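Below is one structure, written out as structure tokens; comments come after it.
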Amino acid sequence: MARKDPAASGRILTFNPIDQGDLIATLTETAQGREIELASTAQGDVRIVDQFPLEGLEITPNGKVIVADNVQDNVVSLTVEVDIQGALTVRDILVNTQNGELEEISREQRGSQFTEMLNWQAVMF
Numbered sequence: 119m120a121r122k123d124p125a126a127s128g129r130i131l132t133f134n135p136i137d138q139g140d141l142i143a144t145l146t147e148t149a150q151g152r153e154i155e156l157a158s159t160a161q162g163d164v165r166i167v168d169q170f171p172l173e174g175l176e177i178t179p180n181g182k183v184i185v186a187d188n189v190q191d192n193v194v195s196l197t198v199e200v201d202i203q204g205a206l207t208v209r210d211i212l213v214n215t216q217n218g219e220l221e222e223i224s225r226e227q228r229g230s231q232f233t234e235m236l237n238w239q240a241v242m243f
């Protein structure tokens, strides 16, 4: 099982304001596929509340994201809640399933990504 260093380039997403800590993604290759674990450096509780694509991703009860081998997208979109001593922050992020890099996106960007995917699926069927 290969485990990547979460402090390596691009795997740390800094939230503003700074007191909300950073979000760290750790990518692990398993027999079931790639596994992404998110953690807050501020010791906050991290909860995934939404995902895209809907198929091929499994959110485990302990908050890990398992990406099935048949998922063709290199980037998945997650909506993440971080609760630090009652202060709740919601962020939309993109996670590169190949290297664990994180990027924060706006609600508008996430909405347009979802709309484009639905339009593409409608054309295919």
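Under the numbering used here, the first residue of the sequence shown carries the number 119, and numbering increases by one thereafter.
In this text, a Cβ means the ideal position worked out from N, Cα and C, and glycines have one as well.
Computed from a predicted structure; not experimentally measured.
- In this structure V194 is not in contact with V208, their Cβ atoms being roughly 17 Å apart against a cut-off of 8 Å.
- A direct Cα-Cα distance of roughly 7 Å separates V185 from E176.
- In the structure shown, D163 falls within a strand segment according to DSSP collapsed to helix, strand and coil.
- With respect to I154, V198 sits apart: the two C-beta atoms are not nearer than 8 Å.
- Minimum Cα-Cα distance from Q216 among the listed residues Q203, E222, N192 and I223 corresponds to N192.
- The residues S158, G162, V164 and T207, in chain order, have a CB closer than 6 Å to that of V200 in the same chain once the five nearest residues on each side in sequence are set aside.
- Around the beta carbon of D187, fewer than 16 other beta carbons lie within 10 angstroms, which makes this residue exposed.
- Straight through space, the alpha carbons of S224 and Q150 are spaced by roughly 31 Å.
- For the pair L141 and L220, the CB atoms are nearer than the 8 Å cut-off.
- Minimum Cα-Cα distance from P179 among the listed residues G204, L156, G218 and Q190 corresponds to L156.
- A143 and I202 have their C-alpha atoms roughly 18 Å apart.
- Shown here for K182: same chain residues with a beta carbon closer than 6 Å to its own, the five before and five after excluded, namely E153 and E155 in chain order.
- Counting along the chain, A143 sits inside the beta strand (DSSP E) bounded by residues D140 to T148.
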